[in-house]
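310 is the number that our numbering gives the last residue of the sequence shown; the numbers go up by one with no jumps. Glycine residues also receive a C-beta, built at the ideal position from the N, C-alpha and C atoms.
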Amino acid sequence: MDDTPAHLPTALPVLRADAREAGFTMSSDDRTGSLLAALAATRPGGRILELGTGVGEGTAWLLSGMDPASRLTTLELDPALQAFAQERLGTDPRVTFVSADGGSWLEDYDGAPFDLVFADTWPGKFTHLDRALDLVAPGGTYLIDDLLPQPGRSRDHEASVTRLLADLDERKDFRCVRLAWASGLLMAVRTG
Ligand SMILES: C[S@@+](CC[C@H](N)C(=O)[O-])C[C@H]1O[C@@H](n2cnc3c(N)ncnc32)[C@H](O)[C@@H]1O
């Protein structure tokens, strides 16, 4: 089976060119993107959070799966990177761009919970994990990627991944599934 997605979001080619121009190599791959779109599509009128916008490739995938009533908040520490996403996707009224440190934002946020949280940076994943999980609504989904070992990654980073997976396994209020696919994903659904 070829698992390459057949349909890409319209803005993806230009966002890829932006990523090349910026020397940014951390965008989600197309398989992860297609899963993001499918998960977003399971939530008509859903509230979605992306931690780590990058240049906006994951954002474009999420928007491509969302219905007109869904809303996406995407956060990025580096305003220069997020500017690419804002330029290409900013006219879409469903998305709100937040320029902030994910850790501070997670600590301060006191709004409604989210139906889908894509935690694609350190805060909400390797730090502030409990806080990010607190923001997942009952029946909602928490998704992380980049869990498979990667060449050049430090031993500390690999140890952080092992710790993260163990911490998630301990959570009795989430059902977890590990996917050794794309960059290595974990999907956790809130049960309680
Ligand atoms: C893996 S990339 C995100 C890729 C994007 N989600 C996608 O799917 O294409 C991680 C991003 O997190 C950003 N970042 C790093 N530290 C951060 C922090 N403390 N708070 C918010 N964003 C941060 C980086 O600048 C980088 O753009």
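Considering only heavy atoms of ligand 1, does any lie closer than 8 Å to the CB of residue i?
i      : result
Leu190 : no
Ser152 : no
Leu195 : yes
Phe202 : no
Met305 : no
Met144 : yes
Val173 : yes
Pro241 : yes
Ala155 : no
Thr177 : yes
Gly183 : no
Phe236 : yes
Glu225 : no
Gly220 : yes
Glu63  : Limits of the chain in this structure are 119 at one end and 310 at the other, which puts residue 63 out of reach.
Gly170 : yes
His287 : Rather than His, the amino acid found at residue 287 in this sequence is Asp. No.
Leu199 : yes
For residue i, I'd like the list of residues in its chain whose CB is within less than 7 Å of its CB, leaving aside the five on either flank, ordered along the chain.
i      : result
Arg84  : Beyond the ends of the chain as shown, which are 119 and 310, falls residue 84; an answer cannot be given.
Leu224 : Pro241, Gly242, His246, Arg249, Ala250
Return the chain-ordered list of same chain residues with a C-beta closer than 8 Å to the C-beta of residue i, the five sequence neighbours on each side being excluded.
i      : result
Gly220 : Leu169, Gly170, Leu193, Leu195, Thr239, Trp240, Pro241, Gly242, His246
Thr333 : Here the chain comprises residues numbered 119 to 310, so residue 333 is not present and cannot be evaluated.
Ala159 : Gly183, Met184, Asp185
Gly163 : Asp185, Ala187, Ser188
Ser278 : Phe244
Arg134 : Ser145, Glu175
Can residue i and residue j be called in contact, C-beta distance under 9 Å?
i      : j      : result
Pro123 : Ser152 : yes
Leu180 : Leu154 : yes
Ser217 : Pro197 : yes
Asp291 : Arg273 : no
Leu282 : Cys294 : no
Arg178 : Thr128 : The amino acid at residue 178 is misidentified as Arg; the sequence shows Ala. Yes; because the gap between Cβ atoms is below 9 Å, this pair is in contact.
Arg206 : Asp121 : no
Among the residues of its own chain, which have a CB less than 6 Å from the CB of residue i, if the five just before and after it don't count?
i      : result
Asp263 : Thr150, Ser301, Leu303
Leu297 : Leu303
Ala237 : Leu169, Lys243, Ala250, Ile262
Pro231 : Leu253, Ala255
Point to revise | Segment contact flag, the stretch 160-177 with the stretch 187-202, C-beta cutoff 8 Å, min 3 pairs | key: yes
Point to revise | beta strand (DSSP E) runs wholly inside the stretch 223-276, at least 3 long, in chain order | key: 232-237, 254-262
Review point. Quick one: any contact between the stretch 129-143 and the stretch 251-270, if contact means 3 or more CB pairs under 8 Å?
Key: no
Check your understanding: Can you list, in chain order, the stretches of the alpha helix (DSSP H) that have 4 or more residues and sit fully within the stretch 177-211?
Key -> 197-207
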